[in-house]
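Reviewing the structure listed below.
2 protein chains.
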Amino acid sequence: MGTTKSEVFSEEINELASLFKAMGHPARIAIIQFLRTQEKCICTDLVNELPLAQPTISQHLKELKTAGIIQGSVSGTSICYCLNLDKISQLDSFLASLKYDQNPTCC
Amino acid sequence: MGTTKSEVFSEEINELASLFKAMGHPARIAIIQFLRTQEKCICTDLVNELPLAQPTISQHLKELKTAGIIQGSVSGTSICYCLNLDKISQLDSFLASLKYDQNPTCC
DNA sequence: TTGTTACATTGCAATATTACGATATATTAA
DNA sequence: TTAATATATCGTAATATTGCAATGTAACAA
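Top line first, the protein sequences correspond to chains A and B.
Reminder that position 5 of the first sequence reads as 5 in the working numbering, one-by-one numbering, no gaps.
Reminder that position 87 of the second sequence reads as 87 in the working numbering, one-by-one numbering, no gaps.
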């Protein structure tokens, strides 16, 4: 007990859930919003921007990266992180399907 | 330590994060997908549909309800749960804004 | 080489989540 | 009232997440 029973759900469902989960933290939403507006996406900027310690931000970046929501490439001494729009679209499509497939006789 | 530092983020960010978080579990994605296709949205159906115990499903329904993603109304002995499309749209709009505001010179 | 800058990783305490058996509650049926 | 059905709540063990100080690493500068 204590662990999510992922085995009993389809891969598609697990993938969607892990993407949503990765976005389910205010620091990670703030990171995504910040990345969206920056020309250069570097971790130091985030440390100055967000009221969290550097290791904490690094950890959140790692989670977003593991989920595939952001990508990072080394650029000299710093790292350029940016959004992966494919994953964003994947979530977007799922949400859109909920809106259009709704059964009108429900509730 | 151990608690999310919600106080340091805006209300808008916290609201988005809690909606995403509520969807960040495979059982809850499965519930949402199932609700979308049913005419009557009753917990017993979910107990038959999902390989999880009834208290577990009830707990997941409660989390979705607390986040505002689903609404439930008593209907005799059972309860009719259904999607709240307003919240779905709220997430959808956020994701859409990420796609269109992306700075082209980034990465 | 030495220092500096920009991150990443480790380790750990505090807290949150997940799952479920047992039990409670509320509605309808007999 | 008694029983059955549908769902919620409680309690708890197992596990995951959050945040950060301390430390590690890798690149560049002097």
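The beta carbon of each residue, even a glycine, is placed where N, CA and C say it ideally should be.
* Asked: Closer than 8 Å, CB to CB, is S6 (chain A) near chain B or not?
  -> Yes, because at least one Cβ of chain B sits closer than 8 Å to the Cβ of S6 (chain A).
* To do: Compare the Cα-Cα distances from I57 (chain A) to each of A:L16, A:Y100, A:A30 and report the closest residue.
  => Ranking A:L16, A:Y100, A:A30 by CA distance to the CA of I57 (chain A) puts A:A30 first.
* **Distance between V47 (chain B) and V148 (chain A) (C-alpha atoms, nearest Å)** => As shown, chain A starts at 1 and ends at 107. That puts residue 148 (chain A) outside it, with no answer to give.
* Of the residues A:Q38, A:K87, A:T37, A:L50, the one placed nearest L19 (chain A), counting alpha carbons only -> The residue with the shortest Cα to Cα distance from L19 (chain A) is A:K87.
* Output, in sequence order along the chain, the residues in the region 21-38 of chain B whose CB is closer than 9 Å to any CB in chain A. => Those would be K21, A22, M23, G24, H25, P26, A27, R28, I29, A30, I32, Q33, L35, R36, T37, Q38, in chain order.
* Would a check of beta-carbon distances place L16 (chain A) closer than 8 Å to chain B? -> Output row for L16 (chain A): interface = yes.
* To do: Could you check if A67 (chain B) is buried or exposed, using at least 16 other CB atoms within 10 Å of its CB as the buried criterion?
  => Per the 10 Å Cβ criterion, buried.
* To do: Can you say whether G2 (chain B) is buried or exposed, counting buried as having 16 or more other CB atoms within 10 angstroms of its CB?
  => Residue environment analysis places G2 (chain B) among the exposed positions, since fewer than 16 neighbouring C-beta atoms fall within 10 angstroms of its C-beta.
* **Beta-carbon neighbours of I13 (chain B), restricted to chain A and to distances below 8 Å** => Those within 8 Å of I13 (chain B) in chain A are P26, I29, A30, Q33.
* To do: Out of B:E7, B:E11, B:K65, B:R28, point me to the one whose CA is closest to S10 (chain A)'s CA.
  => Just measuring C-alpha positions, the residue of B:E7, B:E11, B:K65, B:R28 sitting nearest S10 (chain A) is B:R28.
* Quick one: what's L83 (chain A) bridged to in DSSP? -> For L83 (chain A), the beta-bridge partners assigned by DSSP are A:I70.
* To do: Reducing DSSP to helix, strand and coil, say where S169 (chain B) ends up.
  => The first residue shown for chain B is 1 and the last is 107, placing residue 169 (chain B) beyond what the model contains.
* To do: Using a Cβ-Cβ cut-off of 8 Å, state whether A53 (chain A) counts as contacting chain B.
  => It does not: the Cβ of A53 (chain A) has no partner Cβ on chain B nearer than 8 Å.
* Asked: What are the residues of the region 87-101 of chain B that lie near chain A, defined by any Cβ-Cβ distance shorter than 9 Å?
  -> Within the region 87-101 of chain B, the residues whose Cβ lies closer than 9 Å to some Cβ of chain A are I88, S89, L91, D92, F94, L95, A96, S97, L98, K99, D101, listed in chain order.
* **Contacting positions in the region 59-75 of chain A - beta carbon closer than 8 Å to chain B** => Residues passing the 8 Å Cβ filter: Q71, S73.
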